[in-house]
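K.L.:
Taking full-length UniProt numbering, I'd label the letters of the sequence shown as residues 1 to 258.
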Amino acid sequence: MDKISQVIHNCETCTAIKQAKRVKPLWYSGRWLKYRYREAWQIDYITLPQTCQGKCYVLTVVEATTGWLETYPVPHATARNTILGLEKQVLWRHGTPERIESDNGTHFKNGLINTWAREHGIEWIYHIPYHAPAAGKVGRCNGLLKTTLKALGGGTFKNWEVNLAKATWIVNTRGSINRPGPPQSEPLHTVDGDKVPVVHMKGILGKAVWINPSSGKGRPIRGIVFAQEPGSTWWVMQKDGETRCVPQGDLILSENWV
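(1) DSSP state of residue 238, grouped into three classes?
(2) At what residues does the alpha helix (DSSP H) containing residue 60 begin and finish?
(3) From which residue to which residue does the alpha helix (DSSP H) around residue 119 run?
(4) Count the other CB atoms, across all protein chains shown, that sit within 10 Å of the CB of residue 114; report buried if there are 16 or more and exposed otherwise.
(5) CB-CB under 8 Å to residue 80, same chain, minus the five flanking residues each way: which ones, in chain order?
(6) What is the rounded straight-line gap between the Cα of residue 49 and the Cα of residue 121?
(7) Would you verify that the beta carbon of residue 115 is, or is not, closer than 7 Å to some beta carbon of chain D?
(8) For residue 162 versus residue 144, is the C-beta spacing smaller than 7 Å?
(9) From the DSSP secondary-structure annotation, give me the bridge partner or partners of residue 141.
(10) May I ask you to list the residues that DSSP assigns as paired with residue 46?
(11) My output table needs one value for residue 39: the three-state DSSP class, helix, strand or coil.
(12) By a C-beta neighbour count over all protein chains shown, 10 Å radius and 16 as the cutoff for buried, is residue 92 buried or exposed?
(13) What does the Cβ neighbour count give for residue 76, buried or exposed, with the cut at 16 atoms within 10 Å?
(14) Could you check where the beta strand (DSSP E) with residue 244 kicks off and where it finishes?
(15) In the DSSP assignment, the alpha helix (DSSP H) including residue 167 goes from what residue to what residue?
(16) Rounded to a whole number of angstroms, what is the C-alpha to C-alpha distance between residue 108 and residue 72?
(17) Residue 287 and residue 84: beta carbons closer than 7 Å?
(18) What's the C-alpha gap between residue 55 and residue 245?
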């Protein structure tokens, strides 16, 4: 037992996680208080089936104070593609940020990225390995984006690159039909995204359903559940491509349909 304790004591990752737990405000409510819109971002890559053009990765970039998502599809997760995606989706659209956070992947942690960040005056922060709260924002958006892409593909990731722009738009406009962009979206959020719907990967999420007409008349409509709203309401992608928020009581799982 003493040997195990000594190994844990000497483990740099374990020590870092313990330190992070002691300074909880840094990673939670107080983390973004000093930043204004567009000044801090979290980034990551998600992997998807390879397209005919050879693309199988999406760089996901999430604005820290609003949860606004930008996406950029690439064939390889490399430092050069990371820089290209950041320049096109963040710097040229929103301005140069003060802070960018990422994991320790080689596509983020390397000399090319360090030089680029230094030249642009950007503080690049690497998350503590295996410490999920550190990447909470981008992690939540990754899950919601993949679920939405799957819904748009009829239950698969078919044509995901074609659907990527619409899926990104759906992620960014969830919770409001009149949310044109990040500046106008601020009232819908609190610091650290308290009001951003969190997708729970269980229950009916990602499953095919029938939507009962609210009037009780007419034929049920087929769709796929892709996100959960606060309370017992769900976002459903209909077969015709339209999206709508539906009370759980109006949904019937396809597998239960007789």
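Ideal placement from N, C-alpha and C gives every residue a C-beta, glycine not left out.
P.N.:
By the coordinates alone:
(1) Residue 238 sits at position 238 when you count from the first residue of the sequence shown. Three-state DSSP puts residue 238 in a strand.
(2) In the sequence shown, residue 60 corresponds to position 60, counting from 1. Residue 60 -> not in any alpha helix (DSSP H); beta strand (DSSP E) instead, spanning 57 to 63.
(3) Here residue 119 refers to the residue found at position 119 of the sequence shown. Here the alpha helix (DSSP H) through residue 119 covers 111 to 119.
(4) Within the sequence shown, numbered from 1, the residue matching residue 114 stands at position 114. By the neighbour-count rule (16 or more Cβ atoms within 10 Å), residue 114 is not buried but exposed.
(5) The residue given as residue 80 occupies position 80 in the sequence shown. Excluding residues within five positions, the ones whose Cβ falls inside 8 Å are 112.
(6) Here residue 49 refers to the residue found at position 49 of the sequence shown. Here residue 121 refers to the residue found at position 121 of the sequence shown. The alpha-carbon atoms of residue 49 and residue 121 are separated by roughly 35 Å.
(7) Of the chains in the structure shown, none is chain D; there is only one protein chain.
(8) Here residue 162 refers to the residue found at position 162 of the sequence shown. Here residue 144 refers to the residue found at position 144 of the sequence shown. No. Outside cutoff.
(9) Counting from 1 along the sequence shown, the entry for residue 141 is found at position 141. Beta-bridge pairing links residue 141 to no other residue.
(10) Locating residue 46 in the sequence shown gives position 46, counting from the first residue. Partner(s): 58.
(11) The residue labelled residue 39 in the question sits at position 39 within the sequence shown. In this structure, residue 39 counts as coil in the three-state DSSP scheme.
(12) Along the sequence shown, read from residue 1 onward, the residue named residue 92 stands at position 92. Exposed is the call here.
(13) In the sequence shown, counting from the first residue as 1, residue 76 sits at position 76. The residue in question, residue 76, is exposed, as its Cβ has fewer than 16 Cβ neighbours within 10 Å.
(14) The count along the sequence shown starts at 1 and reaches residue 244 at position 244. 243 to 247 is the span of the beta strand (DSSP E), which, as asked, contains residue 244.
(15) Here residue 167 refers to the residue found at position 167 when the sequence shown is read from its first residue. Residues 160 to 173.
(16) Taking the first residue of the sequence shown as position 1, residue 108 is located at position 108. Taking the first residue of the sequence shown as position 1, residue 72 is located at position 72. Whole-angstrom Cα-Cα distance: 15 Å.
(17) Shown here, the chain extends from 1 to 258; a query on residue 287 therefore has no answer.
(18) As a position in the sequence shown, residue 55 is number 55, starting the count at 1. As a position in the sequence shown, residue 245 is number 245, starting the count at 1. Taking the straight line joining both Cα atoms gives about 32 Å.
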